[in-house]
Amino acid sequence: MTSSRSAIEIRGLRLRRGGFRLRIDSLRVEPGELVVLIGRNGAGKSTLLNAVGGQLRADRGQIDIFSRPLSGISVRRQALQMAAIPQEFEIPFAFNVREVVEFGRAPHMGYFGRMRSGDRRAVSAALAECGLDRLASRPLGELSGGQRRRVALAVALAQDTPILLADEPSAHMDVARISWCWSLLLDRARSGRAVLAAAHDLNLAAAFADRIYLIGGGRLISAGDPASVLSRQNLAAGFGVTAQLEQLDGRPYLTRINPTRHAADGDD
Numbered sequence: 086m087t088s089s090r091s092a093i094e095i096r097g098l099r100l101r102r103g104g105f106r107l108r109i110d111s112l113r114v115e116p117g118e119l120v121v122l123i124g125r126n127g128a129g130k131s132t133l134l135n136a137v138g139g140q141l142r143a144d145r146g147q148i149d150i151f152s153r154p155l156s157g158i159s160v161r162r163q164a165l166q167m168a169a170i171p172q173e174f175e176i177p178f179a180f181n182v183r184e185v186v187e188f189g190r191a192p193h194m195g196y197f198g199r200m201r202s203g204d205r206r207a208v209s210a211a212l213a214e215c216g217l218d219r220l221a222s223r224p225l226g227e228l229s230g231g232q233r234r235r236v237a238l239a240v241a242l243a244q245d246t247p248i249l250l251a252d253e254p255s256a257h258m259d260v261a262r263i264s265w266c267w268s269l270l271l272d273r274a275r276s277g278r279a280v281l282a283a284a285h286d287l288n289l290a291a292a293f294a295d296r297i298y299l300i301g302g303g304r305l306i307s308a309g310d311p312a313s314v315l316s317r318q319n320l321a322a323g324f325g326v327t328a329q330l331e332q333l334d335g336r337p338y339l340t341r342i343n344p345t346r347h348a349a350d351g352d353d
């Protein structure tokens, strides 16, 4: 799906964090798209998501959110436009699951932070969609890693924004929940939202992404549909592997993945 205004557009982004440099010349996400970032550990996927989400400030270049510079959008307005599922999700106090998911409604509340009926409905709907109804009164600290990931997803769903940023959203989930998670993200995209996610599993990216950006060493290696990005040449350049590529439901599927001689020289 295309739009007269891209939900996210990056031009000439330069960002230095410690000894790491991120250099992304061009990236866009349209409403209705699920776009997936892939690359080795340390390639720059999380750094890029944090820059788009406003947690990191770019040294040069521009990030536009619906044609407005991110730097000119207030923190509250950013929270009304973008929800994030971070890679690490820790709450330092003994909140229960429902209380944590209620945090997602904070941008919609007035100055006194009172939950209204619409906020409560949004929280209940997010809990139900993520299968957390029966866990709503449980302290977050008692949950498994996969259950915590579902709570993080529920917070983002309760926030109800036109853009969703997801950093390894299905980490720690079991096989059935992994498929459920990515299907949910795709459903959100098909409802008109823009979804930008990072994934380690290349077959998940191939199965669910409308477009893929392959990042290596802080630079963009390749961008396009799954079939064009997941080529043998790109896999060697981005991951230091050789792979057998098959077709599954018209999309690439990787089998027999083997490291090359230079696989240990990557970004991990």
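Quick note on numbering: the sequence shown equals residues 86 to 353 in the working numbering.
The beta-carbon is built from N, C-alpha and C at its ideal position, and this holds for glycine as well.
Euclidean distance between Cα positions of LEU238 and VAL121: 17 Å
By a C-beta neighbour count over all protein chains shown, 10 Å radius and 16 as the cutoff for buried, is MET86 buried or exposed? Low confidence applies here, because MET86 scores a pLDDT of 41, under 50, leaving its location unreliable; read the following figure in that light. It counts as exposed.
Beta carbon of ALA168, beta carbon of LEU249: below 8 Å? yes
Put LEU238 into one of helix, strand or coil per three-state DSSP. helix
What would DSSP say about ASN319, mapped onto helix, strand or coil? helix
Based on Cα-Cα distance, which residue from ALA213, TYR338 and LEU133 lies nearest to ILE109? LEU133
Proximity of THR340 and GLN329 at Cβ, strictly below 8 Å: yes
Between ALA92, VAL326, GLY335 and ARG278, which has its C-alpha nearest ASN343's C-alpha? VAL326
Using the rule of at least 16 other Cβ atoms within 10 Å of the residue's Cβ for burial, across every protein chain shown, is PHE178 buried or exposed? exposed
Given this structure, state the Cα-to-Cα distance separating ALA221 from CYS215, to the nearest angstrom. 11 Å
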